[in-house]
Amino acid sequence: MNHRLIATTLLAAALIAGCKTSNPTDSTGRVSVQSPDGKIEFTLSGKGALVYSVAVDGKPVLSESRLGLKFRDGLTLGADARLGKAEQTESNTTWENPLGKRRIVRDHHRELRASFVEKSGRSFEIVVRVFNDGLGFRYVLPAAPSGAASDFVLEEEQTRFSFPGDYFCYA
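In this text, residue positions in the sequence shown follow our numbering: the first is 175, and each later residue adds one.
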């Protein structure tokens, strides 16, 4: 048996399971992440107003759509943000779901963790997970500085979904 081949295969598997890429951005402040099969692409643009878009098989599903959160204290995240750092990872694991349709669930996705700094100096992150059949994203807000009030009140969710055409919607 070829031990070199086995070691190379194990190393490749370990690299794929914990794959990391730092700062996968271009000079325009754009960063994107694709699904493991490469069919779905989520793109963030962090140079000014924070926007995102989604394409499937190279065709736009969501055109540039705004991201942002407005708080009662007047702070708005996403209004004038600059991309600072971006990191991508990939995960391919399973977990047990005792109540669902499938008992063993595969969790295969690529994750983008993008750090932004607002013009006001406040930082935040957008975390995106892209699967072969969809995606999800969330905002991550840092803890309040020591001595500051830790409570905040979200006044307006400014995230938008801009479709490139006029489509039927079934509810």
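Yeah, the Cβ is synthetic: ideal placement off N, Cα and C, and Gly gets one too.
Fewer than three Cβ pairs drawn from the stretch 267–287 and the stretch 245–252 lie within less than 8 Å of each other, which leaves the two stretches out of contact.
In the structure shown, Asn306 adopts coil according to DSSP, grouped into three states. In this structure Phe290 is in contact with Glu299, their Cβ atoms being roughly 7 Å apart against a cut-off of 8 Å. The secondary-structure analysis by DSSP pairs Ser237 across a beta bridge with Ser336. Straight across, the Cα-Cα distance linking Lys213 with Gly258 is about 27 Å.
Under the rule that a run must span 3 or more residues, the beta strand (DSSP E) segments found entirely inside the stretch 269–293 read 278–292.
With contacts defined by Cβ atoms closer than 8 Å, Asp254 and Gly222 form a contacting pair. Contact between Val225 and Leu241 holds: CB atoms are separated by about 7 Å, below the 8 Å threshold. Setting aside the 5 residues that flank it on each side, Ile278 is surrounded in the same chain by Thr268, Glu270, each with a C-beta closer than 7 Å to its C-beta; the list follows chain order. DSSP, read as helix, strand or coil, puts Thr202 in coil.
Within the DSSP bridge table, the entry for Val327 names no partner. When the beta-carbon positions are compared, Val314 and Arg246 stay at least 8 Å from each other.
Residue range 214–219 is occupied by the beta strand (DSSP E) that includes Ser219.
Counting C-beta atoms within 10 angstroms of its own C-beta, Phe216 has 16 or more neighbours from the protein chains shown and is therefore classed as buried. Here Arg303 is buried: its Cβ has 16 or more other Cβ atoms, across all protein chains shown, within 10 Å. Annotation for Ser336: Leu236, Ser237, Glu238, Ser239 place their beta carbon closer than 7 Å to its own, counting only its chain and skipping 5 residues before and after.
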